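S.K.:
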Amino acid sequence: MRLKIIIALLFITGYCKAQSSVTNYLRNLDRRVNLDIKQQPISEVLNKMSKAGDFYFSYTGSLFKQDSIVNLKVKDMQVRDILDRLFNGKVDYKETGQYIILRYAANHLTIEPENITSADKLYIISGYVIDTETGKKIKQASVYEKRLLQSTLTDNEGYFRLRFKGEHTDVTLTASKDTYRDTSLVFLADITVKPEGYKEEDSEQGSEFFNSIENSGISRFFISSKQRMQSLNIPDFFANTPFQASLTPGLSTHGIMSSQVINKVSLNILGGYTAGTDGVEVAGVFNITKGNVKKLQVAGVFNGVGGSVDGVQVAGVLNDVRTSVKGVQVAGLLNHVKEKAEGFQIAGLANVVSKDAKGMQVAGLINVVSQDTKGFQIAGLGNLASKNLNGMQIAGLGNITSQRMKGTQIAGLFNYAKEMDGFQIGIVNISGKSDGYSLGLINFVKNGYHKLSFSTNETINANVSFKMGNAKLYNIILAGKNFADSANIETAGLGFGHDFIFSNRFSVAAEITSQYLYLGNWDYSNFLHRFQTNLQIQLVKGITVFGGPVYSIYSTEAPEGSSGKGYKQNIAPARHDYISKRAKGWIGWNVGITIM
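If you read the sequence shown in this note's numbering, its first letter stands for residue 4, the second for the next number, and so on.
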């Protein structure tokens, strides 16, 4: 009875796993779809097919004419059969995860063995790769064994020779060449052991790689033509191993197959070229990675990654990542990310992100983000957010946010934001539209205040001021002259103000100004500080009258009677407060008109 129960449980478990396997591992090319398309471009056919099958197509725009018109009606047909009908056998299909990769492959090739030698723990195969239609021998075709990670390129005569050490039940050679369909040939033997570290179930994982790193200037210098040809011939095969070591990209424990292998640990004495790292990669000079890097990558000079980085990347000079970064990047000179960056970037010269950035950027010279920025940018010279910023920019010279800034900008010279909703501190602050606060010598808002005011007060009878900013905070540049036969005063100064708006016609301005008074000589410093509250009444659009009380504080180092001839000798009125030995205060008034 007990045995029967165990057998029944095993049967049920196996049946359930079998059923789930059918569902989970159904290949995209084998999926069956229904389509009824009339007079639609071929790109739309692929789009509808991908939605019906719940997968994605990946292809270059030059693979076919995008505007080619198609009529197609199929019912319960496999995706591969529909593709054969659409492209008439001129396109090759390969699967990787959720993607079907399409590439031009109108030609066919075959492997013709010349010599097969089998000895104890040694297997040698040589032969030719031949075009099946023309009979011509194909040069620079890749011939490789996927499980053993052995590879070579055919010579100018189409000839190849491969040696395999160890014990193998069979050897399967695959020949690949750009614009050709792949072909494989199985050679049987009588041995049993697979190479250590090989994981057949993972051999096709992670093949969504980007070869742009091969074409970048600095990486192209170190990658040989054979390795570039290898990547062109077999772009979609990748394997996983626990370890690799390289002296240079061409001298590796995996040979020219190094660019098709993802490693747990990668040690490159001078430099190496691998498919990816899922662990640790260290190089004395450089690391070049075709695909993704996870956990840690360190190089004495530079790291070049065609895929993404998820972890820590450190280089003495340059980190160049052609997709995204999530983690930490540290470079002595430059960090460059072609897509998104999330985490922390620090560089001696610059951090450059071509899409969005989230986190913190610290650079000795400049930080540049081509799209949205969320977080902190700190630079010795300047920060540039080409679209929106939500966070903080701090720079020795200037900050620029090309679209909306929500946060804080602090700069030694200038700040700019097209739309500013936050706080700016700098000598010059510029924005197109402002809902925040700008603190500086000049605060210019294109759609904000540009007010010219003329006024008089108890001390100086003719004053002119210009106000820039917005109602929340505007700065004031002012000048004035007291016209009198024996009480001249000439003055200039700065100030800040805030408007409390009650309606379209009525508002109250609270202002603080500080101005230097020239009283006939430059021997002494004379300053007048005014705290004033003005009731503002708009008469008509563009013209406002104002007036209100003022409390003034006059501070000077000059002794009484030291003003020049014709200039006012006593600035404070008879009734005043003694604030200190050299400062006096009093209540006064201010009236004027504003044109805007």
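No residue lacks a Cβ here, since even glycine has one placed at the ideal position from N, Cα and C. No experiment lies behind these values; they were computed from the predicted model shown.
1) Please report the distance separating the alpha-carbon of G309 from that of A353.
2) Using DSSP with H/G/I as helix, E/B as strand and the rest coil, what is S373?
3) In whole angstroms, what separates the C-alpha of Q518 from that of V543?
4) Can you list, in chain order, the residues of its chain whose CB lies under 6 Å from that of N466, leaving out five sequence neighbours each side?
5) For I80, write down the residues that DSSP places opposite it in a beta bridge.
6) Report the residue ranges of all beta strand (DSSP E) runs contained in full by the segment 104–172; include only those spanning at least 3 residues, in chain order.
7) Looking at E345: is its Cβ nearer than 8 Å to the Cβ of V371?
8) Could you have a look at N464 and say whether DSSP puts it in helix, strand or coil?
9) Tell me the rounded alpha-carbon separation between S181 and R231.
10) Give the straight-line distance between the Cα atoms of G443 and G351, rounded to the nearest whole angstrom.
11) According to DSSP, L75 sits in a beta bridge with which residue or residues?
12) Rounded to whole angstroms, what is the Cα-Cα separation between T137 and Q143?
13) I need the DSSP call for S53, collapsed to helix, strand or coil.
14) On a Cα-Cα basis, can you pick out the residue from P252, V174, G307 that is closest to S262?
15) Can you tell which of I349, N432, I119, V174 has its C-alpha closest to the C-alpha of K149?
16) What does a CB cutoff of less than 6 Å around A366 pick up in its chain, not counting 5 residues either side in sequence?
17) Extract the residue ranges of the beta strand (DSSP E) inside the segment 304–350, only unbroken runs of 3 or more that lie entirely within it.
18) Please classify I430: does DSSP put it in a helix, a strand, or coil?
19) I'd like the span of the beta strand (DSSP E) that includes L442, first residue to last.
20) Using the rule of at least 16 other Cβ atoms within 10 Å of the residue's Cβ for burial, across every protein chain shown, is S61 buried or exposed?
21) Excluding sequence positions up to five away, which residues of its chain have a Cβ less than 8 Å from the Cβ of F67?
22) I'd like the list of long-range same chain contacts for L416, defined as Cβ closer than 6 Å, with 5 residues on each side in sequence excluded.
23) Work out the CA separation of V48 and Y59 for me, nearest whole Å.
24) Are A286 and G303 touching if we call contact CB-CB under 8 Å?
25) Answer with buried or exposed for K78, where buried requires no fewer than 16 other C-beta atoms within 10 angstroms of its C-beta.
26) Pick from H257, G130, S357: whose alpha carbon is nearest that of A242?
27) Based on Cα-Cα distance, which residue from L176, D323, K421 lies nearest to V132?
28) For I369, tell me which candidate among V356, P576, D375 has the shortest Cα-Cα distance.
29) Return the residue from the list L455, I397, V82, Y452 that minimises the CA-CA distance to Q427.
30) With C-beta atoms as the reference, is N473 less than 8 Å away from V511?
31) State the start and end residues of the unbroken beta strand (DSSP E) segment that holds Q364.
32) According to DSSP, N418 sits in a beta bridge with which residue or residues?
33) Please work out which residues of its chain come closer than 6 Å, Cβ to Cβ, to D375, disregarding the five sequence neighbours upstream and downstream, and give them in chain order.
34) Could you give the first and the last residue of the continuous beta strand (DSSP E) run that contains G498?
35) For the ligand FMN, I want to know if G282 counts as a neighbour, meaning its beta carbon is within less than 7 Å of at least one of the ligand's heavy atoms.
M.R.: Put simply:
1) 20 Å
2) coil
3) 31 Å
4) S458, G483
5) Looking at the sequence provided, one finds Met at residue 80 rather than Ile. V36.
6) 110–122, 125–134, 145–148, 153–156, 162–168
7) no
8) coil
9) What sits at residue 181 in the sequence shown is Asp, not Ser. So the two alpha carbons sit approximately 12 Å from each other.
10) 29 Å
11) I40
12) 17 Å
13) helix
14) P252
15) V174
16) A350, A353, N354, A382
17) 305–308, 312–318, 321–324, 328–334, 337–340, 344–350
18) coil
19) 440–442
20) exposed
21) I45, F90, V94
22) L400, G401, I430
23) 12 Å
24) yes
25) exposed
26) H257
27) L176
28) V356
29) I397
30) no
31) 360–366
32) N402, N432
33) D359, K390, N391
34) 492–504
35) This structure lacks the ligand FMN; in fact it carries no ligand of any kind.
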